[in-house]
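Asks:
Numbering (our numbering), first residue to last: 22 to 265.
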């Protein structure tokens, strides 16, 4: 209806595209970086001079929303807080290699945002696990296992990483006299060998997060979706996808 346009059109504000407002680009980037640092409880990312030059000369076809999304990706995914030009270019469409699009079914903007949020949570948890593993390895190397405090610290880190109350730090054993093994020893060793699982993929990690959230909330989708920070519709689609 043409008359509806004139009823609603009272004051028109012309907002030029972001590429025409060079003075706002860096200011907005710093604002978004500060917001995401506070949201995810991590240090704020900063641009090196070369990266700042790339940022200022980029076309920003997606305007402010594109700048915000790229700032969030850099804040969550990159471990180094000082962003170089090469690092920034990997997140800009004109600088990265294009991949073919996968056409499935229409997805609303809210669903995409919710999926991105849960993916960022998975990546952030994985990075924390890696940092804890590094700390644990360093303590095991630097401290003697006979030290009670070192054992308690290592025990706490292992429980935090693997979520198990039945973990045990194995103390080093005394040296034993080497003897030539028999064939039966080899057979018995192979039978009792323990299989070590491969690290979980992102999809498996997402599956585990959704499964545990449902278990903690007695399979109540509304409460589980609220805990995961996604919509109930997205959670329902994920449950159907993973056959939970």
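Don't be surprised by glycine CBs; every beta carbon is placed ideally from N, CA and C.
Keeping to the same chain, check which residues put their C-beta closer than 6 Å to that of residue 238; ignore five residues upstream and five downstream.
Replies: 244 and 245
Asks: Can you tell me the Cα-Cα spacing of residue 248 and residue 52, whole angstroms?
Replies: When rounded, the distance between both Cα atoms is 27 Å.
Asks: Can you pull the DSSP bridge partners for residue 104?
Replies: 68
Asks: Using a Cβ distance threshold of 8 Å, determine whether the region 28-35 contacts the region 71-81, with at least three qualifying pairs required.
Replies: no
Asks: According to DSSP, simplified to helix, strand and coil, what is residue 149?
Replies: Residue 149 falls in the helix class under three-state DSSP.
Asks: Going by the beta-carbon positions, is the gap between residue 259 and residue 143 smaller than 8 Å?
Replies: no
Asks: Could you tell me the distance, in whole angstroms, from the CA atom of residue 30 to the CA atom of residue 232?
Replies: 49 Å
Asks: When you compare the CB positions of residue 57 and residue 92, do they come within less than 8 Å of one another, or not?
Replies: yes
Asks: Does the beta-carbon distance from residue 223 to residue 140 come in below 8 Å?
Replies: Contact flag set, yes.
Asks: Go to residue 96, then tell me how far its alpha helix (DSSP H) extends in each direction, as first and last residue.
Replies: 84-98
Asks: Short of 8 Å in beta carbon distance, which residues of its chain neighbour residue 207, apart from the five on each side in sequence? Order them along the chain.
Replies: Low confidence applies here, because residue 207 scores a pLDDT of 48, under 50, leaving its location unreliable and the question unanswered by this model.
Asks: Report, in whole angstroms, the separation of the C-beta atoms of residue 137 and residue 81, which I expect to be a contact under 8 Å.
Replies: Residue 137 to residue 81, Cβ: 19 Å. No contact.
Asks: Identify whether residue 63 lies in helix, strand or coil by the three-state DSSP scheme.
Replies: coil
Asks: Would you kindly work out how many angstroms separate the C-alpha atoms of residue 90 and residue 99, rounded to a whole number?
Replies: So the alpha carbons of these two residues sit roughly 14 Å apart.
Asks: Within the same chain, show all residues whose beta-carbon is closer than 8 Å to that of residue 217, passing over the 5 residues directly before and after it, in chain order.
Replies: Only weak support exists for where residue 217 lies, its pLDDT of 47 falling under 50; the value from the coordinates is given anyway. Cβ within range, chain order: n/a, list empty.
Asks: Can you find the residues in the same chain that come closer than 6 Å, C-beta to C-beta, to residue 195, ignoring five residues on each side of it along the sequence?
Replies: Note on residue 195: pLDDT 47, under 50, position unreliable in the model; no value is reported.
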